[in-house]
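Undergrad: Got a structure here, written out as structure tokens. Questions coming.
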Amino acid sequence: MSAHLIRISEVFSSYTREILEILAAEKVKRLGSEYYLFQTEHAERITNSPAARFIRWHIPVEHSWPCNPEKMDGFIEKAAQTIYYKFESLNPQTMLVGQLDPSSTKRYYKALASNFRGRALQVFEFPERAPKAAEDQNSSRKTLFCMLGKEGLFCGMASPKESNGFYPGGTKYISQNAEDTISRAGAKVAEALHYLGMFRPDLPEGSHWLELGASPGGMTSELLKRNYRVTAIDRAPLDARLNAYKALTFLRDDVSEFIPPRGARYDAILSDMNGPPRQAIAHVTRLTDFLNPGGIVIFTLKTTGAESIPEIDSLEKEVLEIAEKAGLTFVARTHLTYNRQEFTLFFEKA
Ligand SMILES: C[S@@+](CC[C@H](N)C(=O)[O-])C[C@H]1O[C@@H](n2cnc3c(N)ncnc32)[C@H](O)[C@@H]1O
Numbered sequence: 001m002s003a004h005l006i007r008i009s010e011v012f013s014s015y016t017r018e019i020l021e022i023l024a025a026e027k028v029k030r031l032g033s034e035y036y037l038f039q040t041e042h043a044e045r046i047t048n049s050p051a052a053r054f055i056r057w058h059i060p061v062e063h064s065w066p067c068n069p070e071k072m073d074g075f076i077e078k079a080a081q082t083i084y085y086k087f088e089s090l091n092p093q094t095m096l097v098g099q100l101d102p103s104s105t106k107r108y109y110k111a112l113a114s115n116f117r118g119r120a121l122q123v124f125e126f127p128e129r130a131p132k133a134a135e136d137q138n139s140s141r142k143t144l145f146c147m148l149g150k151e152g153l154f155c156g157m158a159s160p161k162e163s164n165g166f167y168p169g170g171t172k173y174i175s176q177n178a179e180d181t182i183s184r185a186g187a188k189v190a191e192a193l194h195y196l197g198m199f200r201p202d203l204p205e206g207s208h209w210l211e212l213g214a215s216p217g218g219m220t221s222e223l224l225k226r227n228y229r230v231t232a233i234d235r236a237p238l239d240a241r242l243n244a245y246k247a248l249t250f251l252r253d254d255v256s257e258f259i260p261p262r263g264a265r266y267d268a269i270l271s272d273m274n275g276p277p278r279q280a281i282a283h284v285t286r287l288t289d290f291l292n293p294g295g296i297v298i299f300t301l302k303t304t305g306a307e308s309i310p311e312i313d314s315l316e317k318e319v320l321e322i323a324e325k326a327g328l329t330f331v332a333r334t335h336l337t338y339n340r341q342e343f344t345l346f347f348e349k350a
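Using the UniProt record's numbering, read the sequence shown as starting at 1 and increasing by one per residue.
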């Protein structure tokens with residue numbers, strides 16, 4: 001038996017019971033807004049089972065201190081000293097602290113998490129070259145992740161890739177500024193690019209993206225802001241605010257009609273098309289001949305219509321099979337903050 005802390009996004013709360021059953025979870029305790037603490041004899045199912053895709057982030061819990069930090073005298077000092085004795089010999093690359101309930105309006109835990117991390121970093125005396133920001137971590141080296149909330153403190157060692165994010169709880173929270181956001185999908189691609197940073201360096205400025213299903217243009221706008229070139233296609237129009245970008249070519253058409261111009265090559269394909277996923281991935285694979293070797297594909301797998309875990313599982317398997325046949329290597333899959341009943345899949349052209 002080992003103890004684990006997993007995060008399941010609110011949109012999948014109706015599947016929680018089934019997910020925990022697949023994981024053979026025992027002594028389950030719900031913590032904060034989206035976290036579950038439990039024990040299991042089948043820890044491998046957290047990453048390898050039909051339940052895995054619903055687990056946004058996870059750590060093995062190697063230290064837990066159930067307590068109410070607000071009522072505890074000297075919580076920070078006691079907690080920092082304890083984790084130092086427990087984890088110092090395991091040589092974490094750094095230590096990061098997250099909140100079990102990040103949506104809480106109470107600022108107490110945000111401040112506590114920050115002060116606790118500050119003190120722990122002093123106690124551990126990490127070397128000068130230790131990562132300063134979460135994104136500076138080596139995504140394959142173990143970090144000491146700690147989660148904090150009114151239920152206490154829960155810590156464990158995992159690499160960002162193993163836990164599924166550079167940050168405690170997953171990817172960096174990217175807020176949407178309602179006034180200048182064209183659609184919620186803008187923050188989605190920003191988060192997807194941040195996540196992809198665990199697997200490969202960012203594409204250089206000037207890289208050419210082919211975007212399928214771009215309207216109204218939230219994602220397009222994010223790509224253009226990063227100084228990428230974008231060829232965007234949609235049956236529906238793009239937001240007029242995008243007209244000013246010279247790096248954008250927009251074709252108002254059905255993707256099935258699109259034939260890349262002579263000599264065109266792309267560094268990445270982004271597909272956020274709605275409609276049946278088998279059709280959407282077929283549009284992508286038809287165009288992968290025009291993708292440079294090493295090029296990436298970011299694909300939103302919309303699961304609307306699939307109403308059970310086995311249905312979603314077989315839908316994704318089919319999509320992966322089609323992609324693999326077209327020479328796309330599966331890199332990762334995740335559920336992002338702004339994903340609804342959908343997942344973001346990442347591929348690389350061999
Ligand atoms: C979820 S929206 C895309 C949102 C967009 N990524 C953004 O950032 O604002 C899906 C889009 O896919 C487009 N779409 C779906 N199938 C298409 C096809 N076969 N050809 C062209 N556009 C398609 C729809 O018109 C719709 O605008």
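Note that CB positions come from ideal geometry on N, CA and C, so glycine has one too. These numbers come from a predicted model, not from an experiment.
As a quick exercise: from 121, 147 and 168, pick the residue whose alpha carbon is nearest that of residue 135.
TA: Residue 135 has its Cα closest to that of 168, out of 121, 147 and 168.
Undergrad: Quick one: measure Cβ to Cβ for residue 288 and residue 315, integer angstroms, because I've assumed they're closer than 8 Å.
TA: In fact, because the Cβ distance is near 20 Å, the residues do not count as touching under 8 Å.
Undergrad: Note down, one range per segment and in chain order, each beta strand (DSSP E) of at least 3 residues found wholly within the region 8-43.
TA: DSSP runs (the beta strand (DSSP E)) wholly in the region 8-43: 26-31 and 35-40.
Undergrad: Using a threshold of 8 Å, state whether the C-beta atoms of residue 38 and residue 21 are closer than that.
TA: No. Outside cutoff.
Undergrad: Any contact of the region 150-165 with the region 65-82, i.e. 3+ C-beta pairs under 8 Å?
TA: Contact between the region 150-165 and the region 65-82 is present, because at least three Cβ pairs lie under 8 Å.
Undergrad: Would you check if the region 233-247 and the region 214-224 touch, i.e. whether three or more CB-CB distances between them fall below 8 Å?
TA: Contact holds: three or more Cβ-Cβ distances are below 8 Å.
Undergrad: Select from 51, 205, 43 and 346 the residue whose C-alpha is nearest the C-alpha of residue 8.
TA: Residue 51 is the option with its Cα nearest to residue 8.
Undergrad: Check whether the Cβ atoms of residue 123 and residue 113 sit closer than 8 Å, and answer yes or no.
TA: In this structure, residue 113 does not lie closer than 8 Å to residue 123 by Cβ.
Undergrad: Alpha carbon to alpha carbon, what distance is there between residue 73 and residue 202?
TA: Distance between the alpha carbons of residue 202 and residue 73 is about 45 Å.
Undergrad: Given 8 Å as the limit, is there contact between the region 86-104 and the region 137-147, that is, 3 or more CB pairs closer than that?
TA: Counting Cβ pairs under 8 Å, three or more are found: they touch.
Undergrad: State the Cα-Cα distance for the pair residue 30 and residue 68, rounded to the nearest angstrom.
TA: So the two alpha carbons sit approximately 15 Å from each other.
Undergrad: From which residue to which residue does the alpha helix (DSSP H) around residue 88 run?
TA: Careful: residue 88 lies outside any alpha helix (DSSP H) and carries neither H nor E.
Undergrad: In whole angstroms, what is the alpha-carbon distance linking residue 36 and residue 57?
TA: So the alpha carbons of these two residues sit roughly 11 Å apart.
Undergrad: Using a threshold of 7 Å, is the CB atom of residue 256 nearer than that to any non-hydrogen atom of ligand 1?
TA: Under cutoff, so the answer is yes.
Undergrad: CB of residue 274 to nearest heavy atom of ligand 1: below 7 Å?
TA: Yes; taking the cut-off as 7 Å, the Cβ of residue 274 has a heavy atom of ligand 1 nearer than that.
Undergrad: Return the CA-CA distance between residue 101 and residue 257, expressed in angstroms with no decimal places.
TA: Going from the Cα of residue 101 to the Cα of residue 257 covers about 47 Å.
Undergrad: Report yes if the C-beta of residue 234 is less than 7 Å from at least one heavy atom of ligand 1; otherwise report no.
TA: Yes.
Undergrad: What separation, rounded to the nearest whole angstrom, lies between the Cα atoms of residue 64 and residue 143?
TA: Each residue's Cα considered, the two are about 16 Å apart.
Undergrad: If you follow the alpha helix (DSSP H) that residue 308 is part of, which residue opens it and which one closes it?
TA: Residue 308 -> no alpha helix (DSSP H), and no H or E assigned at all.
Undergrad: Between the alpha carbons of residue 174 and residue 71, how many angstroms are there, rounded?
TA: So the two alpha carbons sit approximately 32 Å from each other.
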